[in-house]
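A short worksheet on the structure shown next.
Residue numbers (the working numbering), protein chains in the order written: chain A, 3 to 112; chain B, 638 to 753.
Below, the structure written as structure tokens:
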């Protein structure tokens, strides 16, 4: 079945460690996105990529990095520079104005 | 600066009644609006959308109304069912000015509870 797969679903990390969240899609979508959700907040855009080997910063890119070496994959690295990394992270891809979301990854910094 | 606002954090309705979720926006460049539904610990799922050239779009029990002059849209669910209980996000994009990008701006969400 076509869809977006995020892994891991839950992740714990110690302060000062970088972690990478995986996002894979087999929908053949060109555009992919990373959003972050915090309690009481809407979804905020971290990074997006409209095509392979190209990506742009979203509204809250500081402390994050991404790569887009393959159409199917858009991994997000949460670096130690991100001051408040504990959150629910959502990856999405899009076509014709509609975003398709993965099931999310919950990152907790201990 | 919040470009998409959902001013009601929560809404509670009785099963069978109408649920009305509201959304206001400030950016006049927005030309495409969507509603997403989200259950806890899951990704949001698309519900319904409307282009700025329309003022109403209907899909089964769900209808979205757009009032461009007031920069306001609303989602009506009739009749409401307990399974509709979720958080509903309003989202908007300025597709023309973004060169076709689907980058969306989301509201903070409204938690709908439908009581049996």
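Positions of the beta carbon are idealized from the N, C-alpha and C atoms, including for glycine.
**Request:** In the DSSP assignment, find the beta strand (DSSP E) that holds residue 740(B) and state where it starts and stops.
**Result:** Here residue 740(B) belongs to no beta strand (DSSP E), and DSSP marks it neither H nor E.
**Item:** Distance CB(residue 111(A))-CB(residue 81(A)) smaller than 8 Å
**Value:** Cβ atoms of residue 111(A) and residue 81(A): not closer than 8 Å.
**Request:** Have a look at residue 718(B) and residue 98(A) and give me their C-alpha separation to the nearest angstrom.
**Result:** Between residue 718(B) and residue 98(A), the C-alpha separation is close to 29 Å.
**Item:** Under 9 Å by beta carbon: chain B residues contacting residue 103(A)
**Value:** Residues of chain B whose Cβ lies closer than 9 Å to the Cβ of residue 103(A) are, in chain order, 673, 675, 679, 680, 681, 682, 683.
**Message:** Out of 741(B), 715(B), 723(B), 740(B), which one is the CA nearest neighbour of residue 648(B)?
**Reply:** Residue 723(B) is the option with its Cα nearest to residue 648(B).
**Message:** If distances are taken between C-alpha atoms only, which option among 741(B), 701(B), 669(B) comes closest to residue 657(B)?
**Reply:** In terms of Cα proximity to residue 657(B), the closest of 741(B), 701(B), 669(B) is 701(B).
**Asked** Could you give the residue range of the beta strand (DSSP E) that holds residue 659(B)?
**Response** Its beta strand (DSSP E) spans residues 656-662.
**Asked** Does the beta carbon of residue 697(B) sit closer than 8 Å to a beta carbon anywhere in chain A?
**Response** Taking Cβ atoms only, chain A never reaches closer than 8 Å to residue 697(B), which makes this a no.
**Message:** Buried or exposed, going by whether 16 or more other CB atoms sit within 10 Å of the CB of residue 729(B)?
**Reply:** By the 10 Å Cβ count, residue 729(B) comes out buried.
**Request:** Out of 77(A), 37(A), 72(A), point me to the one whose CA is closest to residue 61(A)'s CA.
**Result:** Here the closest residue by C-alpha is 37(A).
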